[in-house]
Amino acid sequence: MLKYILREGEAVGSYYGYQTDGLYTQEEIDTGKYYLIGGRKPNAGDIKFVPQRDIAYGESLTDDDRTIIGKDVPSFTYGLNLNLEWKGFELALFGQGVGGANVAFDVYGVHPFFHGQDSPRKFHLKRWTEENPNPNAAYPRIYTAGDAHTMYNRNFSSYQVFDADYFRVKTLSLGYTIPKHYIKNWGLQNLKVFVTGENLFTFRADNRMEDFDPENASGVIYNLGTKSIALGVNVSF
816 MLKYILREGE AVGSYYGYQT DGLYTQEEID TGKYYLIGGR KPNAGDIKFV
866 PQRDIAYGES LTDDDRTIIG KDVPSFTYGL NLNLEWKGFE LALFGQGVGG
916 ANVAFDVYGV HPFFHGQDSP RKFHLKRWTE ENPNPNAAYP RIYTAGDAHT
966 MYNRNFSSYQ VFDADYFRVK TLSLGYTIPK HYIKNWGLQN LKVFVTGENL
1016 FTFRADNRME DFDPENASGV IYNLGTKSIA LGVNVSF
């Protein structure tokens, strides 16, 4: 199933799939308040797809029920560059972010450990279970790879489209230049100590993105960015 559509008047990189409204409850399944896809019936904890046509419960959704559900091209990008000095202290900060963007995690957004190629994620712990039948859980019911019910949730939908807006502090540096009258007897002209961190803080619009690097997230890339801290000294004789 294609997940993109190019349509006049719509954004480039528009995602095209089913709209969703949480997860099915057992009561909805028992009372027949569900829709079929490809002849498949959902279970409690499966994704509740919303038809775009006026159809009755028990009928099948088709491609005519798909609609635009997001876009992967940001509406804007921005950055922040800050440099402050005060009585020998120096603070430098560089950050960047995007707004108005989404990222789709395709099969992995609803089917963990697909082909053994994915790793456990924190939001898997917030999944729907019989002990915690939350219709608004971050992750639907989990099936084994051989279970035919996996095909129902794998229909591309807004459930797999995450808000990709973020702001990341790329570089943060704090330094202090020791006054000359303290170091002149050491034969030094200048002595500065500093600490620099990279990728220390990332603020995400979607909490489900906490396991993913928003700068590199795509349908197949999930690794977190590397954080680093360095201590240093600048000396002039």
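Under the working numbering, the first residue of the sequence shown carries the number 816, and numbering increases by one thereafter. Every residue gets a Cβ at the ideal spot worked out from N, C-alpha and C, and that includes glycine. Remember, it's a predicted structure, so these values are computed and weren't measured experimentally.
Nonlocal neighbours in the same chain, by C-beta distance under 6 Å from residue i, ignoring five residues either side
i     : result
M1024 : F977
K1007 : G990, T992, N1049
N951  : G837
A1020 : D978, D980
N968  : D861, I862, V925, P955
Nearest-angstrom Cα separation, counted from residue j out to residue i
i     : j     : result
V1035 : F1016 : Residue confidence is low: V1035 scores 49 on pLDDT, short of 50, so the model does not pin down where it sits. Its coordinate-derived value is still stated next. If I take the Cα positions, the gap works out to 23 Å.
F891  : F1052 : 47 Å
L1003 : P1029 : 44 Å
G914  : N970  : 27 Å
E842  : P948  : 11 Å
P866  : A826  : 22 Å
N1000 : A907  : 30 Å
D1026 : I998  : 46 Å
G847  : L817  : 29 Å
N1031 : F1018 : 15 Å
D880  : R868  : 6 Å
L940  : W901  : 46 Å
E945  : L987  : 45 Å
V1010 : E905  : 11 Å
K985  : T965  : 39 Å
D878  : V888  : 24 Å
K1042 : F982  : 15 Å
Residue span of the beta strand (DSSP E) that contains residue i, given as start and end
i     : result
E823  : From DSSP, E823 is part of no beta strand (DSSP E); its letter is neither H nor E.
I862  : 862-865
Y849  : It is not in any beta strand (DSSP E) - Y849 carries neither H nor E in the DSSP assignment.
N1005 : 1005-1019
N917  : 917-919
Alpha helix (DSSP H) segment containing residue i, residue limits
i     : result
N1000 : Neither: N1000 is in no alpha helix (DSSP H) and is coded neither H nor E.
E842  : 841-845
T1041 : Segment: none, T1041 is in no alpha helix (DSSP H) and carries neither H nor E.
N951  : Element bounds for N951: n/a, residue is neither H nor E.
Own chain, CB closer than 8 Å to residue i, minus 5 neighbours either side, in chain order
i    : result
G885 : S829, Y830, N917, A919, S973, V976
Counted within 10 angstroms of its Cβ, other Cβ atoms place residue i as buried (16 or more) or exposed
i     : result
A979  : buried
W943  : buried
N1005 : exposed
I1044 : exposed
G912  : buried
L893  : Before going on, a small fix: residue 893 reads as Tyr here, not Leu. With fewer than 16 other Cβ atoms within 10 Å, it is exposed.
P857  : buried
Closer than 7 Å to chain B by CB, residue i
i    : result
G990 : Annotation note: the requested chain B is absent from the structure, which comprises a single protein chain.
Any non-hydrogen atom of the ligand ATP closer than 6 Å to residue i Cβ
i    : result
A919 : Annotation note on the ligand ATP: not contained in the displayed structure, which lists no ligands.
For this session: Determine, using beta-carbon pairs with one atom in the region 855-872 and one in the region 945-960, whether at least three such pairs fall under 8 Å.
Result: yes
Exercise. Below 8 Å, can you find three or more Cβ-Cβ pairs linking the region 894-905 to the region 869-886?
Worked result: no
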